[in-house]
Amino acid sequence: MKHALITAGHKGIGKKVTEQFLKKQYSVTVHFRSDKNKVRELQEEWHQYKDNVQFVEGDITNKADIEHVVAQAMEQFGRIDVLINNAGPYVFERKKLIEYTDSEWYEMLEGNLSSVFHFVKAVVPIMKKQQFGRVITYGFQDVEHTPGWMYRAAFSAAKSGLASLTKSLALEVAEYGITANMVCPGDIVGDMKENDIITARLLEDKETPVGRSGTGEDIARIIEFLCDENSDMITGSIISASGGVNVFHKSKKISP
31 MKHALITAGH KGIGKKVTEQ FLKKQYSVTV HFRSDKNKVR ELQEEWHQYK
81 DNVQFVEGDI TNKADIEHVV AQAMEQFGRI DVLINNAGPY VFERKKLIEY
131 TDSEWYEMLE GNLSSVFHFV KAVVPIMKKQ QFGRVITYGF QDVEHTPGWM
181 YRAAFSAAKS GLASLTKSLA LEVAEYGITA NMVCPGDIVG DMKENDIITA
231 RLLEDKETPV GRSGTGEDIA RIIEFLCDEN SDMITGSIIS ASGGVNVFHK
281 SKKISP
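Below is the structure:
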């Protein structure tokens, strides 16, 4: 049985990703930061998978916690085939770069970039021994072109760096049967993060060219495909799933 380690796999898009892998008969280590009530709810909801899922608490901005999460995955399941870096902080308040506090700046860098570095450092040696591995990171639309993002400078800087890290890692580990790819969700908000495609199709969304909102299931299905054994030709790729919405200028459609 293959094993997936998913950060923040207990809520939002991460929850849908976890469910997708459990349905595909993976065992899963679900990292969470502090929401023990949510974990208890999921232990009931996912009771049928109780032997294949464990929850491990930790702060992804803390290297020791990252090493603990990885160690727990290995102790319980003995391997890590898939690393999905779903967790990542975001500053919702609109503010210009010079208005960021030092702590906000470093939280964006540590949570969105350095955390992935530390997870990769801990997990890739395991994958190399297995001669197989899949690493997934998250970005945003056009991140590979390092666009300017008004009021989101810290987040965009961290994710642009992560895009380069992902591409570099893909080159460095390809010979070991390991791939690394970045997935860029579109404007998936609120309940849609934990919703499914069938439900989204029932709700018209005139702002999205495809006619419906994106969902957590959309992202989960893309990630599942990228992590398949037969998807090894796809590595170092940055894949956007926006339904045609331009996340920077929502009134504009993406040119073909």
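All the letters of the sequence shown, read from the start, carry residue numbers 31 to 286 under this note's numbering. Cβ coordinates follow ideal geometry from the N, Cα and C atoms, glycine included. The structure displayed is predicted, hence computed values, not measured ones.
Inter-residue Cα distance where the pair is residue i and residue j
i	j	result
S186	D221	24 Å
V83	S57	6 Å
S285	P239	Its pLDDT being 48, under 50, S285 is placed unreliably by the model, and nothing is read from it.
T229	I252	18 Å
R182	L127	8 Å
V150	E97	10 Å
A271	I218	10 Å
G266	L201	7 Å
V146	N115	7 Å
G44	I264	22 Å
M180	E123	12 Å
Q160	W135	37 Å
D132	E259	42 Å
Y120	F107	31 Å
Residue range of the unbroken alpha helix (DSSP H) whose run includes residue i
i	result
E237	Run containing E237: none; DSSP gives neither H nor E here.
D144	The sequence shown places Ser at residue 144, not Asp. Element bounds for S144: n/a, residue is neither H nor E.
T229	I227 to R231
K30	Any property of residue 30 remains undetermined from this structure, which presents the chain solely from 31 to 286.
6 Å CB neighbourhood of residue i in its chain, flanking five on each side removed
i	result
L143	A188, G191 and L192
V112	A34, R164 and C257
T196	T167, A210 and M212
A103	L35, T59 and I110
A117	T37, A38 and I90
Range covered by the beta strand (DSSP E) that runs through residue i
i	result
S270	I268 to A271
T245	Note, T245: premise wrong, no beta strand (DSSP E); not H, not E.
S57	S57 to F62
I264	Note, I264: premise wrong, no beta strand (DSSP E); not H, not E.
Same chain, Cβ closer than 7 Å to residue i, neighbours up to 5 away in sequence not counted
i	result
I268	G169, V173, E174, A193, M212 and C214
D334	Because the chain here runs from 31 to 286, residue 334 falls outside it and cannot be looked at.
A204	T265
K125	Y181
Proximity to residue i [Cα-Cα], best of the options
i	options	result
R242	P177, G273, G141 and H40	G273
R109	E205, F162 and Q55	F162
I8	K125, G141, E105 and P119	One cannot answer for residue 8 here, as it falls past the ends of the chain, which runs 31 to 286.
K80	V60, D89 and E254	V60
T245	K32, S261 and I227	I227
E49	I249, V154 and S133	I249
I224	E259, V100, I36 and V47	Note that residue 224 is Glu in the sequence shown here, rather than Ile. For the residues E259, V100, I36 and V47, the minimum Cα distance to E224 belongs to V47.
S340	E137, K125 and A38	This structure does not reach residue 340, given that the chain is present from 31 up to 286, and the question cannot be answered.
Q78	L52, V100 and A101	L52
V154	V121, L72 and L199	L199
Sequence-distant residues of the same chain with beta carbon closer than 8 Å to residue i, five excluded per side
i	result
K68	H40, K41 and F62
D262	G207 and T209
A152	I96, E97 and V100
beta-carbon residue i near the ligand NAD non-hydrogen atom, thresh 7 Å
i	result
A183	In terms of ligand content, the structure shown is empty, and the ligand NAD therefore cannot be addressed.
Whole beta strand (DSSP E) elements within the region 81 to 166, 3-residue minimum: 83 to 87 and 112 to 114
Contiguous alpha helix (DSSP H) assignments of at least 4 residues, all confined to the region 176 to 233: 183 to 203 and 227 to 231
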